[in-house]
Amino acid sequence: MPDVIYWGDVIFSLGMFVILLLLLRKFAWGPIVNMMKEREEHIANEIDTAEKSRQDAEKYLEEQRKEVERAKEEAQSIVETARKTSERQGEEIVAQARSEAERLKENALEDISREKEQAVAELREQVSTLSVMIATKIIEKELDEKEQEKLIEEYIQEAGERL
Amino acid sequence: MDHESPIVYDLFGIAGFHVNLSNIMMLTISALIVFCIGVFSARGLKMKPSGMQNGFEWIIDFVKNTINSAMDWKTGERFFGLGITIFLWIFVSNMLGIPFMIVNHETHELWWKSPTADPVITMTLAVMVILLTHYYGIKMKGFKEYGKGYFKPIPYLFPLKVLEEFTNTLTLGMRLFGNLYAKEILLTLLATAGGASVLGALAAAAPMIAWQAFSIFIGAIQAFIFLMLTMVYLAHKVADDH
């Protein structure tokens, strides 16, 4: 323990304390605390921003989901329409083909009947000629050719009408 | 062993105005070290801290937490400068006496030591702190409330409350002094033993290392306790609910 109290030290240490405090505030913890506060704010801002981006992202995601949903529905409807169209077209084609076939059949029938008539006519002609020839051979010279032909024509006409 | 202090008596011819030059020197050195630590830490401040800045920010947080444990931060923020200055200055002062000791052999004057191993210095700091608690008590709560504080919770405790102020001052200063003085004494003893002979050096080496390590612990703990008690005393005077 000291024999005397050195008041000089008391005053000096108090003064030194105050000076040190002021200097530290100006040069050391003042700026550092400011920096820490700044960082705190920065981090808070960053957190806010992150939160906002997250919400934005969620919103976008929701939008995209809806968009995809919509697209899917659209695709569905397009496929549906295409299916309907193709069905209708198929039916049309079938109907067309059927009518075409009908037409062709009728044509063919017409052709057949025409051919038949023609054939019948031809046959009639030939039959008449042949009959004439046969008749000529059979009743040679008994009838003159003109009357004979006329007669045969009549018979054939009769036969044709009956046919 | 019996070291003298380099005291200049009656400085400037003022009677009783003595100065211990060793204390002056050591206080200045420790203040310089604290200042340098602060300035180097605060150089090139970055948003992403590194190196010294990190360390100093840790100290700042540490002091902040200590203040927070005594009072809420709204009241305590104004004491932050006081706290960190006291803590760092006392801590560095405590550390200064550990590695070596410089003694003028002709006059037996002790020059290099912990300034906190001197009761005048520690009592100065303690009285300053206690006076500050009174100052802030009056300033922040008003004189009436401050006066009422002496009669709570029971009026007849008033004499004890007054006594408490003095004991607080005394214990605050003397605790620091006692610890550091004991540290210095034992270090001196061990150093003397070590310097006496080869055998002494061998015998003293291990305890010396152990005691130095313990001294670092003591120095840190005492600085922390001083800071803590400062804040507790301030909180007693300043806070409304105690």
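Line by line, the protein sequences give chains A and B. Counted the way this note's numbering counts, the first sequence spans residues 1010 to 1172. Counted the way this note's numbering counts, the second sequence spans residues 17 to 258. Every residue, glycine too, gets a C-beta built ideally from N, C-alpha and C. Quick caveat: nothing in here was measured; it's all calculated off a predicted structure.
>> Residues of chain B with CB closer than 7 Å to the CB of A/VAL1019, please, in chain order.
In response: VAL136 and THR140
> In chain B, which residues lie with their C-beta within 7 Å of the C-beta of A/ILE1014?
Replying inline: VAL136
> Buried or exposed: which applies to A/ALA1144, given that a residue is buried once 16 or more other Cβ atoms fall within 10 Å of its Cβ?
Replying inline: buried
> Short check: CB of B/GLY153 to CB of B/VAL248, under 8 Å?
Replying inline: no
>> Whole angstroms are fine: how far does the CA of B/ALA198 sit from the CA of B/ILE234?
In response: 10 Å
> B/GLY97 touches chain A at which residues, Cβ-Cβ below 9 Å?
Replying inline: LEU1030, LEU1031, LEU1033, ARG1034, TRP1038 and GLY1039
> Do A/VAL1141 and A/GLU1158 come within 8 Å of each other at the CB atom, strictly closer than that value?
Replying inline: yes
>> Contact criterion: CB-CB distance below 8 Å. Does A/LEU1023 meet it with respect to chain B?
In response: yes
> Taking the alpha-carbon positions, what's the B/ALA239 to B/ASN110 distance?
Replying inline: Rounded to whole angstroms, B/ALA239 to B/ASN110 spans 8 Å at the Cα level.
> Which class does A/VAL1129 belong to by DSSP, given the choice of helix, strand or coil?
Replying inline: helix
> Can the beta-carbon of B/THR82 be found closer than 8 Å to that of B/LEU196?
Replying inline: no
> So the beta strand (DSSP E) A/LEU1160 belongs to, where does it begin and stop?
Replying inline: Careful: A/LEU1160 lies outside any beta strand (DSSP E), inside the alpha helix (DSSP H) at 1154-1171.
> When we look at the beta-carbon of A/THR1090 and count the other beta-carbons within 10 Å, is it buried (16 or more) or exposed?
Replying inline: Exposed, because fewer than 16 other Cβ atoms sit within 10 Å of the Cβ of A/THR1090.
> Does the stretch 51-64 of chain B come close enough to the stretch 1039-1056 of chain A that 3 or more CB-CB pairs lie under 8 Å?
Replying inline: yes
>> Assuming B/GLU181 is part of the alpha helix (DSSP H), what are its boundary residues?
In response: Taken as a continuous stretch (DSSP letters only), the alpha helix (DSSP H) holding B/GLU181 covers 174-212.
> Going by the C-beta, is B/LEU188 closer than 7 Å to any heavy atom of the ligand SAH?
Replying inline: Judged by which ligands are present, the structure shown has none, so any question about the ligand SAH falls away.
> Distance, Cα to Cα, B/VAL214 vs B/HIS252?
Replying inline: 54 Å
> Using the C-alpha atoms, what's the distance from A/GLU1060 back to B/VAL143?
Replying inline: Each residue's Cα considered, the two are about 52 Å apart.
> Just curious, the alpha helix (DSSP H) that B/GLU161 is in, first and last residue?
Replying inline: 135-164
> How long is the line joining the alpha carbons of B/GLY163 and B/LYS177, rounded to whole angstroms?
Replying inline: 11 Å
> By the 10 Å Cβ neighbour count, where 16 or more other Cβ atoms means buried, how is B/TYR151 classified, buried or exposed?
Replying inline: When all chains shown are included, B/TYR151 counts as exposed.
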